[in-house]
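Q: Protein chains in written order, with the numbering used here: chain G, 182 to 296; chain E, 374 to 486. We treat Cβ as the ideally placed atom computed from N, Cα and C, and that holds for glycine. Predicted model, so just to flag it, every value in this text is computed and none were measured.
#1: Can you name the start and end residues of the beta strand (DSSP E) that residue 397 of chain E belongs to?
#2: Roughly how many whole angstroms lie between the Cα atoms of residue 281 of chain G and residue 206 of chain G?
#3: Is the beta carbon of residue 453 of chain E closer than 8 Å to that of residue 484 of chain E?
#4: Verify whether the separation of the beta carbon atoms of residue 262 of chain G and residue 196 of chain G is less than 8 Å.
#5: From G/285, G/273 and G/258, pick the residue whose C-alpha is nearest to that of residue 194 of chain G; which is it?
#6: When the Cα atoms are used, what is the spatial distance from residue 417 of chain E to residue 210 of chain G?
#7: Does DSSP put residue 223 of chain G in a helix, in a strand, or in coil?
#8: Do we get a CB-CB distance below 8 Å when we pair residue 403 of chain E with the residues of chain G?
#9: Across the segment 396-410 of chain E and the segment 444-463 of chain E, are there enough close Cβ pairs to call them in contact, namely three or more that are closer than 8 Å?
#10: Could you tell me which uninterrupted beta strand (DSSP E) segments, each at least 3 residues in length, are contained entirely in the segment 185-247 of chain G, listed from first to last along the chain?
#11: I need the DSSP call for residue 425 of chain E, collapsed to helix, strand or coil.
#12: Please classify residue 189 of chain G as buried or exposed, where buried requires at least 16 neighbouring CB atoms within 10 angstroms.
#13: From E/472, E/455 and E/474, pick the residue whose C-alpha is nearest to that of residue 384 of chain E; which is it?
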């Protein structure tokens, strides 16, 4: 099973709402990632968790709050977003570096629209 | 130094043609070069990847050519099909330095029948 699942598929939220994106994988990967992708652009790294600890935060605004409750789950909590945060949010997972598997497996993404 | 430059931005080929997408990098610490394929509304999927110890890798109709001295690598798609129409991203990482993947800006490929 090489699948990364993400819910919801689509999300519309107002600027005062609080919502969460969820990501799950059962490949035994211990590195998980959040990316943001705007139309016609490459994925832009937001956060990396390695062994359930935040290892990289690419200077993401605090209105995005990641959480890794266990080795299979990754959440992204959203609060007070701006319209420019509308994008496709991608989750990915991989073995941590040095574990022999560098491939990042991406989920299908959550398409977020902030009104 | 962290950039990966990808060209062309878009490409249209006839069915059966061989589209070629090129990428160049500066960081000599990069030692892992994957290509991702992304269809509209989907997440990127790994297509093929190469390490600097080989100059070419082939998987099915997809071939990566790697030129370490020129710091360039390219994707060739043999006998292209309309189903290959997608956006292709090259990427690079320094696995030993545990740096994140750096993506190129993408190439939108259209294969017309």
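A: With the structure as the only source:
#1: Position 24 of the second chain, counted from the first residue, corresponds to residue 397 of chain E. Per DSSP, residue 397 of chain E belongs to the beta strand (DSSP E) from 393-398.
#2: Taking the first chain and counting its residues from 1, the one referred to as residue 281 of chain G is at position 100. Taking the first chain and counting its residues from 1, the one referred to as residue 206 of chain G is at position 25. Reliability fails at residue 281 of chain G, whose pLDDT of 49 lies under 50, so the model's placement of it is uncertain and no value is given.
#3: Position 111 of the second chain, counted from the start, is the residue given in the question as residue 484 of chain E. Position 80 of the second chain, counted from the start, is the residue given in the question as residue 453 of chain E. Yes, Cβ-Cβ distance for residue 484 of chain E and residue 453 of chain E is below 8 Å.
#4: Reading the first chain from its first residue, position 81 is the one you call residue 262 of chain G. Reading the first chain from its first residue, position 15 is the one you call residue 196 of chain G. Yes.
#5: As a position in the first chain, residue 194 of chain G is number 13, starting the count at 1. Residue G/258 is the option with its Cα nearest to residue 194 of chain G.
#6: On the second chain, position 44 is the one that residue 417 of chain E refers to. On the first chain, position 29 is the one that residue 210 of chain G refers to. About 18 Å.
#7: Position 42 of the first chain, counted from the first residue, corresponds to residue 223 of chain G. It is coil, neither helix nor strand.
#8: Against the second chain, residue 403 of chain E aligns to sequence position 30. By the rule that beta-carbons nearer than 8 Å mark a contact, residue 403 of chain E does not touch chain G.
#9: At 8 Å Cβ cutoff, the stretches touch.
#10: Taken in chain order, the whole beta strand (DSSP E) runs of length 3 or more contained in the segment 185-247 of chain G are 185-188, 191-194, 199-206, 212-218, 225-231 and 234-238.
#11: Here residue 425 of chain E corresponds to residue number 52 of the second chain, with the count starting at 1. In the structure shown, residue 425 of chain E adopts coil according to DSSP, grouped into three states.
#12: Within the first chain, residue 189 of chain G is the residue found at index 8, counting from 1. Residue 189 of chain G is exposed by the Cβ-count criterion.
#13: Translated into the one-based positions of the second chain, residue 384 of chain E becomes position 11. For residue 384 of chain E, the closest C-alpha among the options E/472, E/455 and E/474 is that of E/455.
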